[in-house]
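Q: I'd like to ask you about the structure that follows.
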Amino acid sequence: MAEQAHPPKTNRSILHSIAFRNIAYQLLLAAALIFLGWYLYYNINENLDRQNIATGWSFLNEPAGFDISESIIPFDSSQTFARIFAAGVLNTLHVAFVGIFLATLLGVTMGIARVSRNWLVSRLASAYVEICRNVPVVLHVIFWSSIIRLLPHPRQALEPFNGAFISNRGLMLPFPVDNALYPWLAFALILGIGGALIFARWARYRREHTGQYISVFWPSTSIIFGLPLVVWALGGAPLAWDYPELKGFNYQGGISLSPEYIALLIGITVYTGAFIAEIVRSGIESIHRGQIEASRALGLRHSFIMRYITIPQALRVIVPPTASQYLSLTKNSSLGVLIGYPDLVNIGNTSLNQTGQAVEAIAIMMLVYLSISLTISIFMNFYNKLVAIRER
Amino acid sequence: MVDIQSKRTPPPVAERVPVIRWVRDNFFSSAWNTLLTILIVLILFKALPSFFEWGVLNAIWGAQDHTSCRSEGAGACWAVIAEKHRPMLFGLFPYNEHWRLIVALIIFVSVVCITLSRRFWNLKILAPLWITNLGICSLLMWGGLFGLEYVDTQQWGGLPLTMVLFTGTVVFGMPIAVLLALGRRSHMPGIKAICITFIECMRGVPLITILFVAVNVFPLFLPQGLEFDVMVRVMVGMAIFFACYQAEVIRGGLQAITRGQYEAAEALGLGYWQMMVRIILPQALRVCLPGIVNHIIAAFKNTSYVLIIGLFDILSATTAVMQDPLWRLFTIEAYLFVALIYFIFCFALSKYSQNVERWLDEGRR
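As given, the protein sequences belong to chains A and B, one line each in that order.
Offset between the first sequence (1-based) and this note's numbering: plus 242.
Offset between the second sequence (1-based) and this note's numbering: plus 95.
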């Protein structure tokens, strides 16, 4: 049509413009938030002044005045709050890392067991999953803590194998006597892993260019474990172990894991393991039967199907929710405060009661957990990109 | 040519699997499976009888005194539950008024069951039902009317407190979750940024720290003279924490709604809130219902965190009761009893969530 209809002229004010309204809403919200923030800040200052509570971070440089039962870095009560918080963070990371490792192991095993064709295996695995994930993690931790409390005294400790003792003082294990060779062993292990990675890459390059398939598993396993073994043998094969021995009321020597640590570790591992098992099961079941049947029809070997068809596809389903399980395991390690494991929250809580500086103590806890969460999720996003489908 | 399609294929005959073949397929399908079966049967043979002896044969069931539990060769001491179940289940609530809690629990659980069944998914039924339910339950808990003795919230405890915290978390949390999810999907960058920051910060910290804020810091935020009950503060903290996780689930549901739905709603001239409330949210919430139920289960389990800040839910009440030196050795039995209560509730809800998934699949087919 020649005469293009102009929009009818009405007396529209700027109030009816969507763009204006959007900006106005956002400005209003921002203003409300700023006012709320100012109001809370004003109140908090007023209240703290009235209660004579100090503010600011200077308390971090004062002596803590309380001791903790275990710490990776040496600590005594005359050292500062800053150091005791650092000790708490390390304890949290310690239990979280070991917990993540064990929960993954347990979860993957149980997840595979749930889809097993063996009736007994799959039923037992589902019993584990259903029982453990339907009971709160708080109860898990307290439950294990009270079981450990019922164990015999160190004098009647259980000895499952030579040199290991279980008692209500925790778990004592023999540990290799320190030797100048051990740093070299670690170095050899890293070198071995590097060598295995290079070998795998070469094998892949060769397969893609010549079509020849070279088994990677056995050669890389022998490189990873063989190299340290050779170094160990060349270094005179030191075999001395430090065994725990009963002296007085408790054991000396070897390494000891405190009852609090064990209770927390078992509690969060068993709980998170059940969730990871469910994730692994759904990952495996997400793979279409046709994929496996097609691979079989192509005459591929079982191990090859697992390695190149099943696992890469299942991982894409498994990794993102598993990452959030790792995060929640780390956050659940804060339950140490319940049973006396000196993790970050426990130490923060004690400092809060000692100094009265609740805002600062809680801010430290939250910031540390936020940065741990952020680190894990950045790492997991990176891994996710690595295993994502590369579409052409 | 024979047209295969035209031949009526008979319905498949249900295969009758002989027992021997079932056993072979399920237990001995390969050498590895046979090995596993034998190993597990051996372990079960070793473990089960002693467990059975501990839990059933040698267990002390009756409510005698603790000495019979301590006698040589005694198994599990279930008598501890017979002896202590009142303070475990109902905390510090006045002993003679416990019947009120039992009635309240029965009413509450039946209303939950009604809410969950699909037949009653109608706001005209559910809204009055819940208002009456909450009214009757609070009357029974607080009392003070109709000749019922007044009971302060300080004395609330045990399973009813768990239920109160749980209900509060979900009832306050769901609307916040919907608002946060909508905010995160908003086209306004300011609102979107605020919602994302809030959600991610809350999801990055443990629940304990939020409870610490509710208990220790929140009173400092208020002007002098204004105070809230600690139970309310904790409930609000848990509701916000729950809302941030739930918001992510709802966001997933919102993302599953196709653009056409929004465009059709806009074409009909609906405003933002009308479009969301009448068109988008009913569909989005349906899609992500299984996820929502999963987080509701998590909220129920999370109520046990109040143990750390000293509210007497069922778990803390049990822990407190078990300080009794006479019965202290039998803590495990008491905790198993509490675990069973949590298990029944959470397991039922998770089975329900699986049912919901099946209904949704039926609708899609």
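Glycine is no exception: its CB is placed at the ideal position from the N, C-alpha and C atoms.
Bridge partners of Ser498(A), per DSSP?
A: To locate residue 498(A), count along the first sequence from 1; it is residue 256. BP columns for Ser498(A) point to Met414(A).
Q: Here's a check: name, in chain order, each residue in its chain whose Cβ is nearer than 8 angstroms to the Cβ of Asn623(A), leaving out the five neighbours to either side.
A: Within the first sequence, numbered from 1, the residue matching residue 623(A) stands at position 381. Answer for Asn623(A): no residue qualifies.
Q: Per DSSP, which one or two residues make a beta bridge with Glu487(A)?
A: By 1-based counting over the first sequence, the position of residue 487(A) is 245. Answer is Gln494(A), bridged to Glu487(A).
Q: With DSSP collapsed to three states, give me the class of Leu240(B).
A: Locating residue 240(B) in the second sequence gives position 145, counting from the first residue. Three-state DSSP puts Leu240(B) in coil, outside helix and strand.
Q: Hey, is Leu362(A)'s beta-carbon within less than 7 angstroms of any beta-carbon in chain B?
A: As a first step, residue 362(A) must be located in the first sequence, where it is residue number 120. Interface residue, yes.
Q: Classify Glu361(B): buried if its beta carbon has 16 or more other beta carbons within 10 angstroms, exposed otherwise.
A: Here residue 361(B) refers to the residue found at position 266 of the second sequence. By the 10 Å Cβ count, Glu361(B) comes out exposed.
Q: Give me the residue from Arg279(B), Thr426(B) and Phe407(B) with the minimum Cα distance to Phe293(B).
A: Residue mapping note: residue 293(B) aligns to position 198 of the second sequence, counting from 1. Answer by Cα proximity: Arg279(B).
Q: Between Leu224(B) and Val206(B), which are expected to be in contact by the criterion C-beta below 8 angstroms, what is the C-beta distance as a whole number of angstroms?
A: In the second sequence, counting from the first residue as 1, residue 224(B) sits at position 129. In the second sequence, counting from the first residue as 1, residue 206(B) sits at position 111. Contact holds; Cβ gap of about 6 angstroms.
Q: So, for Ala442(A): in the same chain, excluding its five sequence neighbours on each side, which residues have a beta-carbon less than 8 angstroms away from its beta-carbon?
A: Locating residue 442(A) in the first sequence gives position 200, where the first residue counts as 1. Same-chain partners within the cutoff: Val458 and Ser462.
Q: How long is the line joining the alpha carbons of Val97(B) and Ala536(A), rounded to whole angstroms?
A: Taking the second sequence and counting its residues from 1, the one referred to as residue 97(B) is at position 2. Taking the first sequence and counting its residues from 1, the one referred to as residue 536(A) is at position 294. Caution is warranted here: a pLDDT of 47 is assigned to Val97(B), below 50, making its placement in the model unreliable, and the coordinate value is therefore given only provisionally. For Val97(B) and Ala536(A), the distance between alpha carbons rounds to 30 angstroms.
Q: I'd like to know whether the C-beta atoms of Gly437(A) and Ile456(A) end up nearer to each other than 7 angstroms.
A: Along the first sequence, one-based indexing puts residue 437(A) at 195. Along the first sequence, one-based indexing puts residue 456(A) at 214. No, Cβ-Cβ distance for Gly437(A) and Ile456(A) is not below 7 angstroms.
Q: Since I believe Leu557(A) is in contact with Val629(A) (beta carbons under 8 angstroms), could you give me their beta-carbon distance rounded to a whole number of angstroms?
A: Here residue 629(A) refers to the residue found at position 387 of the first sequence. Here residue 557(A) refers to the residue found at position 315 of the first sequence. Indeed, because the Cβ distance is near 5 angstroms, the residues count as touching under 8 angstroms.
Q: In whole angstroms, give me the CA-to-CA distance for Lys141(B) and Ser399(B).
A: Residue numbering aside, residue 141(B) sits at position 46 when the second sequence is read from its first letter. Residue numbering aside, residue 399(B) sits at position 304 when the second sequence is read from its first letter. If you take the alpha carbons of Lys141(B) and Ser399(B), they lie about 35 angstroms apart.
Q: Once the 5 residues before and after Leu571(A) are set aside, which same chain residues still bring their CB inside 7 angstroms of it?
A: Translated into positions along the first sequence, residue 571(A) becomes position 329. Excluding sequence neighbours, Leu571(A) sits near Ala338, Gly341, Ile342, Ala345, Ile510 and Thr514.
Q: Can you name the start and end residues of the beta strand (DSSP E) that Ser409(A) belongs to?
A: Translated into positions along the first sequence, residue 409(A) becomes position 167. Phe407 to Ser409 is the span of the beta strand (DSSP E), which, as asked, contains Ser409(A).
Q: Check the C-beta distance from Ile286(A) over to Phe316(B) and give it rounded, since I have them as a contact under 8 angstroms.
A: Position 44 of the first sequence, counting from 1, holds the residue named residue 286(A). Position 221 of the second sequence, counting from 1, holds the residue named residue 316(B). The pair is a contact, with the Cβ atoms about 6 angstroms apart (cut-off 8 angstroms).
Q: Quick one: Cα of Ile99(B) to Cα of Arg453(B), how far?
A: Here residue 99(B) corresponds to residue number 4 of the second sequence, with the count starting at 1. Here residue 453(B) corresponds to residue number 358 of the second sequence, with the count starting at 1. Because the pLDDT at Ile99(B) is just 48, under 50, the model does not fix this residue reliably, and the value given afterwards should be weighed accordingly. Cα-Cα distance, rounded: 34 angstroms.
Q: What residue does the alpha helix (DSSP H) around Arg538(A) start on, and which one ends it?
A: Taking the first sequence and counting its residues from 1, one reaches residue 538(A) at position 296. Looking at the DSSP string, the run of the alpha helix (DSSP H) that includes Arg538(A) is Arg531 to Ala539.
Q: Using a beta-carbon distance below 7 angstroms, is Tyr611(A) in contact with chain B?
A: Counting from one through the first sequence, the residue named residue 611(A) turns up at place 369. Taking Cβ atoms only, chain B reaches closer than 7 angstroms to Tyr611(A), which makes this a yes.
Q: Less than 7 angstroms between CB atoms is the rule here; does Phe385(A) satisfy it with respect to chain B?
A: In the first sequence, counting from the first residue as 1, residue 385(A) sits at position 143. Cβ-Cβ to chain B under 7 angstroms: yes for Phe385(A).
Q: Can you give the beta carbon distance from Ala429(B) to Thr413(B), rounded, assuming they're within the 8 angstroms contact cut?
A: By one-based count along the second sequence, residue 429(B) stands at place 334. By one-based count along the second sequence, residue 413(B) stands at place 318. At roughly 5 angstroms, the Cβ-Cβ gap stays under 8 angstroms, so Ala429(B) and Thr413(B) are in contact.
Q: Looking at C-alpha atoms only, which residue of Met548(A), Leu400(A), Ala445(A) and Phe385(A) is the closest neighbour of Arg531(A)?
A: On the first sequence, residue 531(A) is found 289 positions in, with the first residue counted as 1. Selected option, being the one with the closest Cα: Met548(A).
Q: How long is the line joining the alpha carbons of Leu577(A) and Ala288(B), rounded to whole angstroms?
A: Along the first sequence, one-based indexing puts residue 577(A) at 335. Along the second sequence, one-based indexing puts residue 288(B) at 193. Rounded to the nearest angstrom, the two C-alpha atoms are 31 angstroms apart.
Q: Against Ser445(B), what residues of chain A qualify as contacts under a CB-to-CB distance less than 9 angstroms, listed in chain order?
A: As a position in the second sequence, residue 445(B) is number 350, starting the count at 1. Result: Glu372, Arg375 and Asn376.
Q: Can you check whether the CB of Glu502(A) is closer than 7 angstroms to the CB of Pro581(A)?
A: Mapped onto the first sequence, residue 581(A) falls at position 339. Mapped onto the first sequence, residue 502(A) falls at position 260. Residue identity differs from the one stated: residue 581(A) is Ile in this sequence, not Pro. Going by C-beta atoms, Ile581(A) is nearer than 7 angstroms to Glu502(A).
Q: Unbroken alpha helix (DSSP H) runs of length 4 or more, entirely within the region 196-248 of chain B: which are they?
A: Taking only runs of at least 4 residues, the alpha helix (DSSP H) segments lying wholly in the region 196-248 of chain B are 218-237.
Q: What are the start and end residues of the alpha helix (DSSP H) that includes Asn626(A)?
A: Reading the first sequence from its first residue, position 384 is the one you call residue 626(A). Counting along the chain, the alpha helix (DSSP H) containing Asn626(A) begins and ends at Ala600 to Val629.
Q: Nearest to Ile390(A) by CA position, among Arg523(A), Ile508(A), Arg365(A) and Asp309(A), is which residue?
A: Reading the first sequence from its first residue, position 148 is the one you call residue 390(A). Looking at the Cα atoms, Ile508(A) is the closest of the given residues.
Q: Find the residues of chain A that neighbour Gln319(B), judging by a C-beta separation of less than 9 angstroms, and give them in chain order.
A: Taking the second sequence and counting its residues from 1, one reaches residue 319(B) at position 224. Per Cβ cutoff of 9 angstroms: Asn285, Glu288, Asn289 and Arg292.
Q: Chain B partners of Asn626(A), CB-CB under 8 angstroms?
A: Start at 1 with the first residue of the first sequence, and residue 626(A) comes out as number 384. Here the premise fails: no neighbours, minimum Cβ distance about 17 angstroms.
Q: According to DSSP, what are the bridge partners of Ile155(B)?
A: Taking the second sequence and counting its residues from 1, one reaches residue 155(B) at position 60. Beta-bridge pairing links Ile155(B) to Cys172(B).
Q: Hey, would you say Gly496(A) sits closer than 7 angstroms to Pro416(A), going by beta carbons?
A: Residue mapping note: residue 496(A) aligns to position 254 of the first sequence, counting from 1. Residue mapping note: residue 416(A) aligns to position 174 of the first sequence, counting from 1. Contact flag set, yes.
Q: Identify the residues that DSSP records as bridge partners of Leu410(B): which are they?
A: Residue mapping note: residue 410(B) aligns to position 315 of the second sequence, counting from 1. In the DSSP output, where bridge partners are listed per residue, Leu410(B) has none listed.
Q: Look up Gly253(B) in the DSSP assignment and give the residues it is bridged to.
A: Here the question's residue 253(B) lines up with position 158 in the second sequence. Gly253(B) is bridged to Asp408(B).
Q: Below 8 angstroms, how does it come out for the region 237-248 of chain B and the region 299-310 of chain B: are there three or more Cβ pairs, yes or no?
A: No contact exists between the region 237-248 of chain B and the region 299-310 of chain B.
Q: Taking only three categories from DSSP, how would you classify Thr297(A)?
A: Mapped onto the first sequence, residue 297(A) falls at position 55. Residue state, collapsed to three classes: coil.
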